[in-house]
Structures are given as C-alpha cells and as structure tokens.
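Structure first, commentary second.
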Amino acid sequence: MFISGYDSVRHYYNDINVCSTSNNPCHTQATCTDHPAPSLDANCTCNVGYTGDGRTNGTGCSDINTCSNSSNPCHAQATCTDHPAPSLDANCTYINVCSNSSNPCHAQATCTDNPAPSLDANCTCKVGYKGDGRTNGTGCSDVNVCSNSSNPCHAQATCTDHPAPSLDANCTCKVGYAGDGRTNGTGCSDINACSSNPCHVNATCTDNPAPALDASCACNANYTGDGVVNGTGCSLQAVSGVVSLNIAFLPPLAYVFVVVLSFVISF
Numbered sequence: 001m002f003i004s005g006y007d008s009v010r011h012y013y014n015d016i017n018v019c020s021t022s023n024n025p026c027h028t029q030a031t032c033t034d035h036p037a038p039s040l041d042a043n044c045t046c047n048v049g050y051t052g053d054g055r056t057n058g059t060g061c062s063d064i065n066t067c068s069n070s071s072n073p074c075h076a077q078a079t080c081t082d083h084p085a086p087s088l089d090a091n092c093t094y095i096n097v098c099s100n101s102s103n104p105c106h107a108q109a110t111c112t113d114n115p116a117p118s119l120d121a122n123c124t125c126k127v128g129y130k131g132d133g134r135t136n137g138t139g140c141s142d143v144n145v146c147s148n149s150s151n152p153c154h155a156q157a158t159c160t161d162h163p164a165p166s167l168d169a170n171c172t173c174k175v176g177y178a179g180d181g182r183t184n185g186t187g188c189s190d191i192n193a194c195s196s197n198p199c200h201v202n203a204t205c206t207d208n209p210a211p212a213l214d215a216s217c218a219c220n221a222n223y224t225g226d227g228v229v230n231g232t233g234c235s236l237q238a239v240s241g242v243v244s245l246n247i248a249f250l251p252p253l254a255y256v257f258v259v260v261l262s263f264v265i266s267f
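Residue numbers (the UniProt record's numbering): 1 to 267.
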C-alpha cells in the first residue's frame, strides 16, 4: 500500500520533494516550491519577466511584453520594442513620420518631421517644382518658367521649358527675327533683308517688317523696272522732246549729225 510522503525504499517517512523529481509540475521558467507531505504538489511561480500560472499543464510562463500593458515606459508618440525576459524594460523610439508609411509629403518634396507629440511634418517642394508638397494636397508640379515672370525669353522668341529641377528654358527667335532669343542676351531683332542687297544699284531698298524675310525695291527717279537684282532691275528711261540747237553756223556734216540726234531723242 502506497502512503503519501513515504519512502518505501528506506522504509521511513520522508517528505518527497516533487520539485526535484520527474513529477515537477512547474514550467521551466517558473520557480518550484514543494508542498509539505503528505501533499505531492508544489507552488509554481513564474520568474521575473514572465507571466502565467507557472504550471506545465496550465498557462505556463510567457515573456511579459511591457509594450502592451500598463508598464509601457514609452511615450504615446514613440515606438516601443520590448526587451526579452527577464528584462521588464523596452526600447522607445521616437516616431519620425518622414521615414515611415505615414510620410505625408509628395515624392518631389523634402519632408521635415515635426517634434513630438505631433505626428505631422513640413513638406517643401524641391527646386524646379511648386505646390504645397503634400500627397493629399496640390503636391509638387514642374515649374514652367515660360508661363511666369521668370520667363527668360524675348517677346519675339518661342519659349520651351526645361524639365525640373531646371529653372531655365530654350529661347528661339521667331521667323523674321535674329538673336539668341534671351531677354538678358542679344534678344530678337528684325532681320534687315536689305543687308543682302536684293535690290538693283539704281533702286531704293525698304525692308519689310518681320515676320517677312524680304524687302521692297523701287527704282530711283528716271529709271524703270521692278528694282530687283534677279528681276528686270532698273534701266534709264528714254527722254522725249526736241533739242533746240543753233545750227546756222554748223558745217554741213555736223548739221546731218544734229538732225539724226534729234530724231533719236524724239523717240
């Protein structure tokens, strides 16, 4: 017959310490305190840093997560990372919204985190972009220098904006104008078609205003034609009329010459 707490090998009563036998009812992370005979049970108490009933066939002992209970040492706006047992402490990391999925800023904006307890940030569009810099706002769009007061091009030039981050543009003078097209450069001036001498030497050249690339040619007085070098040019007009000469004292041969000359001039 088995008697609780009796050592049958040595045939006398001796309290059996269940904590030191294979019948130890406690979890490996629990302290076992034997009950006095005739009890064959023990008290199980989880070690520091652990929680539970301490019993193998119960809830055992699990690491106490200080981040998830009232012992959380971290600020509400900080990230808590629990230390492994037996520690009852944790790491507290300040939340930088610029470095996580809560970043409120546009991809082309610079994010500057606001100090705790704020969970917001300042968003500033990068060079070459404009807007409030926020994803849920106007964001950041390319600054078109051709459409604002920073336009670098002359009034008679076509402006082609450079993509961000550039704040410059290409300036091309319109038809009929010459120059670099830039306000602070040579600008755009009317091309003087007369400088290529399209008109006859006996014609007056008048440049046609841009965007025209040609000129008007007008023959000078006593000349006729279109005045253009590659056209009919300008030829001397014939003068009609009678030349009055005193021929009384001319020799016979000279008289004949004057008559012929008068006939030619009449035409």
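Heads up, the beta-carbon is just placed ideally off N, CA and C, and yes, glycines get one too.
Check, Outcome
"Span separating the alpha-carbon of Y50 from that of Q29", "7 Å"
"For G128 and P165, believed in contact at Cβ under 8 Å, the rounded distance", "3 Å"
"Assigned secondary structure, residue 284 (DSSP; H/G/I helix, E/B strand, else coil)", "Residue 284 lies beyond the stretch modelled for the chain, which goes from 1 to 267, so this question has no answer here."
"Per-residue burial, T66 [other beta carbons within 10 Å of its own, 16 or more giving buried]", "buried"
"Which listed residue (D41, A90, Q108 and P115) has its alpha carbon closest to that of D63", "A90"
"S79 vs T93 beta-carbon contact at 9 Å", "Note on identity: in this sequence residue 79 is Thr, with Ser being the wrong assignment. Contact flag set, yes."
"Test: H35 CB closer than 9 Å to a CB of chain D", "The question asks about chain D, but that chain is absent: this structure has only one protein chain."
"Local conformation of V175 per DSSP, three classes", "coil"
"Residue(s) in a DSSP beta bridge with T51", "S62"
"Cα-Cα separation between N14 and A76, rounded to whole angstroms", "56 Å"
"Endpoints, beta strand (DSSP E) assigned at S216", "A215 to C219"
"Rounded separation between residue 334 and A85 - CA only", "Absent from the model: residue 334. The displayed extent of the chain is 1 to 267, so no value can be given."
"Assigned exposure category for A116 - 16 Cβ within 10 Å defines buried", "exposed"
"Residue range of the unbroken beta strand (DSSP E) whose run includes D41", "No beta strand (DSSP E) holds D41; DSSP gives it neither H nor E."
"S102 and L119 closer than 9 Å at C-beta", "yes"
"Host beta strand (DSSP E) of C98 (start-end)", "Note, C98: premise wrong, no beta strand (DSSP E); not H, not E."
"Identity of the residues DSSP links to C74 by a beta bridge", "In DSSP, C74 forms no bridge with anything."
"Start-end ranges of the beta strand (DSSP E) lying completely within the segment 119–168, minimum 3 residues", "121–125 and 157–161"
"7 Å Cβ shell around Y177 - same chain, five flanking residues per side excluded", "Q156, C188, S189, D190, I191 and A210"
"Neighbour-count burial assignment, Q237, 16 or more Cβ in a 10 Å radius", "exposed"
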